[in-house]
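One structure is given here, and the rest of the page talks about it.
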Amino acid sequence: MGIFNALFGKSTDNVAEYIEKGAVILDVRTKSEYQGGHIKNAKHIPVQELGNRINEIKKLNKPIIAYCASGMRSGSATSLLKSNGIDAINGGGIGSLQRKLG
39 MGIFNALFGK STDNVAEYIE KGAVILDVRT KSEYQGGHIK NAKHIPVQEL GNRINEIKKL
99 NKPIIAYCAS GMRSGSATSL LKSNGIDAIN GGGIGSLQRK LG
């Protein structure tokens with residue numbers, strides 16, 4: 039396991055598995071980044087707000103695929119979600135995740 043995976047969890051390798059489980063795609067970029075284009079039906083919660091909105095995510099009762107521009111913020115978001123008992127993976131950057139989603 040590489041250091042990136044150790045810090046941020048598995049990468050987009052499990053995206054298809056999570057989609058099959060009904061995962062919510064979570065965009066953790068800024069409002070302006072989100073408005074500039076996002077993955078269809080993605081829920082938007084900037085990473086800076088995520089800690090205050092954990093209960094909102096828990097109420098979804100679904101696994102989460104987090105993404106951002108490069109995978110760093112979504113890695114932090116994934117760690118936060120997991121530490122709060124939420125099943126989450128880091129979907130990486132938007133471009134990479136869009137390719138995985140087809």
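Each residue of the sequence shown is one higher than the one before, counting from 39 in this note's numbering.
Where a beta carbon is used, it is the ideal one built from N, C-alpha and C, also for glycine.
Residue i in three-state terms, based on DSSP
i, result
"Y72", "helix"
"A104", "strand"
"I63", "strand"
"N43", "Any reading at N43 needs caution, since the residue's pLDDT is 49, under 50, leaving its predicted position unreliable; the model's value is listed next. The answer is helix: DSSP assigns N43 an H, G or I state."
"K96", "helix"
"K81", "strand"
"G3", "No statement about residue 3 is possible, as the shown extent of the chain runs from 39 to 140 and does not include it."
"G140", "coil"
Delimiting residues of the alpha helix (DSSP H) encompassing residue i
i, result
"G129", "Per DSSP, G129 belongs to no alpha helix (DSSP H); it is in the beta strand (DSSP E), 126-131."
"N122", "Neither: N122 is in no alpha helix (DSSP H) and is coded neither H nor E."
Residue i, buried or exposed, once every other Cβ within 10 Å from all chains shown has been counted against 16
i, result
"G113", "buried"
"D65", "buried"
"N52", "buried"
"G140", "exposed"
"G131", "buried"
"L75", "In the sequence on display, residue 75 carries Gly and not Leu. Result: exposed."
"N93", "exposed"
"R67", "buried"
"A54", "exposed"
Closer than 7 angstroms to chain C by CB, residue i
i, result
"L119", "No chain C appears in this structure, which consists of one protein chain only."
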